[in-house]
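J.:
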Amino acid sequence: MEDFSEARRQFERDGYVVFSNVLDADLIQEARDHVAWLLQKHPDLRPEHLHHTLMTEDAFWVRLVSDDRLLDRVEAFVGSNIALFASHYISKPPHDGMAVLWHQDGSYWPLEPMEVVTFWLAVDDSTPENGCMRVIPGTQHLNLQELKQRRDRPNVLNSGMDDALVDESRAADVILRAGDVSVHHPNVIHGSNPNTSAKWRRGLTIRYIPTSTRIKCEGIHPSAFLLRGKALPGINQYNPRPRFVEGKSIPFRGCEKWK
Ligand SMILES: O=C(O)CCC(=O)C(=O)O
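In this text, residue positions in the sequence shown follow this note's numbering: the first is 2, and each later residue adds one.
1. How big is the Cα-Cα spacing for P155 and M99?
2. Just checking my contact of F78 with A225 at CB under 8 Å: how many whole Å lie between their CB atoms?
3. What would DSSP say about H43, mapped onto helix, strand or coil?
4. In terms of residues, what are the limits of the alpha helix (DSSP H) holding R203?
5. Hey, M162 and S108: beta-carbon distance below 9 Å or not?
6. Please state the DSSP three-state secondary structure of W38.
7. According to DSSP, is R244 helix, strand or coil?
8. Is the stretch 143-153 in contact with the stretch 224-243, if contact means three or more CB pairs nearer than 8 Å?
9. Need the endpoints of the alpha helix (DSSP H) that F78 sits in, please.
10. Note down the Cα distance separating M83 from D34, rounded to an integer number of angstroms.
11. Taking only the alpha-carbon atoms, compute the straight-line gap between R151 and Q105 and give it to the nearest angstrom.
12. At a cut of 8 Å, does the stretch 60-76 reach the stretch 126-140 through at least three beta carbon pairs?
13. At a threshold of 8 Å, does H191 count as lining ligand 1 (C-beta to nearest heavy atom)?
14. Report the rounded CA-to-CA distance for L177 versus R171, giving the unit in angstroms.
15. Let me check understanding here. Comparing Cα to Cα, which of M115, H50, D45 and P94 lies closest to P211?
16. Residue range of the beta strand (DSSP E) that R14 falls in?
17. For S108, which three-state DSSP category applies?
18. Could you tell me the boundaries of the beta strand (DSSP E) in which W121 lies?
19. For N159 and L102, what's the separation of their Cα atoms in angstroms?
20. Out of curiosity, what's the CA-to-CA distance linking W38 and W259?
21. According to DSSP, what are the bridge partners of V189?
22. Looking only at its chain, what residues have a beta carbon closer than 7 Å to the beta carbon of A317, apart from the 5 residues adjacent to it on each side?
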């Protein structure tokens with residue numbers, strides 16, 4: 002296994018870190034096709050709102066988040082028993098992709114303890130022009146703050162944290178090439194601007210937990226999957242890994258053999 006200790010050090014210092022060139026161009030093209038397929042299947046949804054509830058029976062989605070190149074890096078953050086809590090495509094279309102207001106992820110999540118990392122997979126190049134993610138480095142040490150409902154301007158979460166707590170002058174743009182991944186802490190303050198460019202900005206958020214983190218919900222959470230290692234007794238129930246079924250997933254390379 003590669004040594005990811007330098008990445009861990011940066012993550013501890015800044016609350017986020019970038020891995021370049023993680024997934025290959027063919028798989029990234031499959032992810033773009035997946036977004037197009039999901040949008041065709043759910044014409045009522047905005048492309049920023051392709052949520053975890055859509056993934057329970059979607060073999061490609063589970064295949065993508067279980068890619069060993071991702072899980073080998075996830076192990077450096079959560080250890081060798083890895084589960085998925087949630088995953089969500091935030092796809093910003095050209096010219097009208099919505100902002101994500103400043104927030105800390107942990108304020109939204111029913112997890113105990115709050116041991117979780119987000120891997121943010123760039124499905125397109127992600128730049129200031131098309132609304133890349135922005136992070137306030139070092140804010141992972143701030144406690145989780147209350148959320149406020151926000152409808153004063155279009156935004157993906159219809160909520161965010163109190164702007165008075167955010168020193169925007171310290172924000173760093175997380176500029177990525179398609180196939181790169183950034184990793185962020187559940188307490189770090191982050192958000193993104195609208196897409197004012199002529200290009201798509203598709204990104205996939207992937208929330209990984211160690212199997213010792215409890216997902217507090219009734220029944221099985223729709224995107225809870227055991228991805229590597231062992232489940233701990235009495236903590237979470239996991240969905241069965243979906244088989245490829247035409248119509249429930251796009252066909253993908255290796256789908257006949259996918260288990
Ligand atoms: O995709 C974005 O612009 C924001 C992502 C985000 O807020 C998150 O991963 O929690």
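We put the beta carbon where it would ideally sit given N, CA and C, even for glycine.
Everything numeric in this text was worked out from a predicted model, so none of it was measured.
T.: According to the data block:
1. Locating residue 155 in the sequence shown gives position 154, where the first residue counts as 1. Locating residue 99 in the sequence shown gives position 98, where the first residue counts as 1. If you take the alpha carbons of P155 and M99, they lie about 6 Å apart.
2. Counted from its first residue, the sequence shown places residue 78 at position 77. Counted from its first residue, the sequence shown places residue 225 at position 224. With a Cβ gap of about 18 Å, F78 and A225 do not count as contacting.
3. Taking the first residue of the sequence shown as 1, we reach residue 43 at position 42. If DSSP states are grouped into helix, strand and coil, H43 belongs with coil.
4. Walking along the sequence shown from the start, residue 203 turns up at place 202. Here R203 belongs to no alpha helix (DSSP H); instead the beta strand (DSSP E) covers R202 to P211.
5. On the sequence shown, residue 162 is found 161 positions in, with the first residue counted as 1. On the sequence shown, residue 108 is found 107 positions in, with the first residue counted as 1. Yes, these two residues count as a Cβ contact at 9 Å.
6. Taking the sequence shown and counting its residues from 1, one reaches residue 38 at position 37. Reduced to three states, the DSSP call for W38 is helix.
7. Start at 1 with the first residue of the sequence shown, and residue 244 comes out as number 243. Here R244 sits in coil by DSSP.
8. no
9. Here the question's residue 78 lines up with position 77 in the sequence shown. Start and end: D69 to V79.
10. The residue labelled residue 83 in the question sits at position 82 within the sequence shown. The residue labelled residue 34 in the question sits at position 33 within the sequence shown. Met is not the amino acid found at residue 83; the sequence shown has Ile there. Between I83 and D34, the C-alpha separation is close to 27 Å.
11. For the purposes of this step, residue 151 is identified with residue 150 of the sequence shown, where counting begins at 1. For the purposes of this step, residue 105 is identified with residue 104 of the sequence shown, where counting begins at 1. The straight-line gap from Cα to Cα measures roughly 15 Å.
12. no
13. Translated into the one-based positions of the sequence shown, residue 191 becomes position 190. True, at least one ligand heavy atom lies under 8 Å from that Cβ.
14. Position 176 of the sequence shown, counted from the start, is the residue given in the question as residue 177. Position 170 of the sequence shown, counted from the start, is the residue given in the question as residue 171. If I take the Cα positions, the gap works out to 19 Å.
15. The count along the sequence shown starts at 1 and reaches residue 211 at position 210. Residue M115 is the option with its Cα nearest to P211.
16. Here residue 14 refers to the residue found at position 13 of the sequence shown. No beta strand (DSSP E) holds R14; the alpha helix (DSSP H) holding it covers S6 to D15.
17. Numbered from 1 along the sequence shown, position 107 holds the residue referred to as residue 108. Helix at S108.
18. Counted from its first residue, the sequence shown places residue 121 at position 120. Element bounds for W121: V118 to A123.
19. Your numbering for residue 159 matches position 158 in the sequence shown. Your numbering for residue 102 matches position 101 in the sequence shown. Using only the alpha carbons, I get a separation of about 8 Å.
20. On the sequence shown, position 37 is the one that residue 38 refers to. On the sequence shown, position 258 is the one that residue 259 refers to. Going by the C-alpha atoms only, they are around 19 Å apart.
21. The count along the sequence shown starts at 1 and reaches residue 189 at position 188. For V189, which the question treats as bridged, DSSP gives no partner whatsoever.
22. There is no way to answer for residue 317, as the model of the chain reaches only from 2 to 260.
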